[in-house]
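Sequence positions in the sequence shown follow UniProt numbering and run 1 to 186.
These notes concern the structure reproduced below.
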Amino acid sequence: MIPLLILGLLLQNPGAHGYELLAFMEKRHYKYIVNFTKGSVYYNLQQLEEKGWIEQIQQKPSTGGREVRSYNITKAGRAEFEKLMVKYGTKSEYVNLQFYGALLFANEYDKNKLLELIQSQIDQTKTRIALLDEYLSNTQEVPGTTDYYRLMNENSRSHHLVNLEWFQQLKAKIEGSVLPKQDEPY
């Protein structure tokens, strides 16, 4: 899916270089959608260029004197972007939360250690909600347009709130206490 991200970002930001693309991906928290590293992004940039889907537009020296490669999407790249949109836009898969795999064997695991794992999930979920809240509070939809990324993040936040409540109820059940339905997210 990294090629889709790169092609889409270059459509939005013609002339961007690799570091700028990485910065966009980090700032927009794309890591919650796609697993990527600096190396995987640069590898995919090279592959997309070799396939003729992107092209270097200029070489400009950076402040450190290193060459900075800026890219534009080509006509063939735009066609590939269209194919990838269909490919990924029509997929619907189950969410693969690795914690669920570990939970399959919860009865074979020490109760206190299990509670620590659940608390870890609670803490991570709260962090994700806080990051989404920060993003959502710092962005506003432009009237007359649809900000699909904002809508996606609003949906993601809703899912995390449901997960947070479930983790908290699971922890309370294991501890032997009853957790009332929450009015506040956390």
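Backbone N, C-alpha and C define an ideal beta-carbon position, used for all residues, glycine too.
*In whole angstroms, what is the alpha-carbon distance linking G15 and G176?*
58 Å
*Based on Cα-Cα distance, which residue from H17, E108, G8 and F167 lies nearest to R66?*
H17
*Cα-Cα separation, L131 to V34*: 16 Å
_Complete alpha helix (DSSP H) runs within the region 72-110 (minimum length 4 residues, chain order)_ = 75-89 and 98-103
*Mind checking G160: buried by the 16 CB within 10 Å criterion, or exposed?*
The residue you asked about is not Gly; residue 160 is His in the sequence shown. Burial call: buried.
_Classify F99: buried if its beta carbon has 16 or more other beta carbons within 10 angstroms, exposed otherwise._
exposed
*At least one CB of chain B closer than 7 Å to the CB of N13: is that the case?*
Note that chain B does not occur in the displayed structure, where there is just one protein chain.
*asked:* If the criterion is Cβ atoms closer than 7 Å, does the pair F81 and L151 meet it?
replied: no
*Indicate whether I73 and L10 have their beta-carbon atoms separated by less than 7 Å.*
yes
*asked:* Suppose the cutoff is 6 Å on Cβ atoms and the five residues either side in sequence are ignored; what does the same chain contact list for L45 look like?
replied: G18
*Hey, would you say Q121 sits closer than 7 Å to F167, going by beta carbons?*
yes
*Below 7 Å CB to CB, which residues in the same chain sit around L179 once its five sequence neighbours on both sides are set aside?*
Residue placement at L179 is flagged as unreliable, the pLDDT there being 47, under the threshold of 50; the coordinate-derived value follows with that caveat. Excluding positions up to five away in sequence, the list reads Q168, Q169 and A172.
*Which residues in the same chain have their Cβ closer than 7 Å to the Cβ of Y135, if we skip the five residues on either side of it in sequence?*
H29 and N153
*asked:* Can you look up residue 255 in the DSSP assignment and give me helix, strand or coil?
replied: Nothing about residue 255 can be read from this structure; the chain reaches only from 1 to 186.
*Does the distance from the CB of Y71 to the CB of L4 come in under 7 Å?*
no
*asked:* Once DSSP output is grouped into helix, strand and coil, what is the label at P143?
replied: coil
*Kindly give me the distance between the Cβ atoms of K38 and L22, rounded to whole angstroms, as I take these residues to be in contact under 8 Å.*
6 Å
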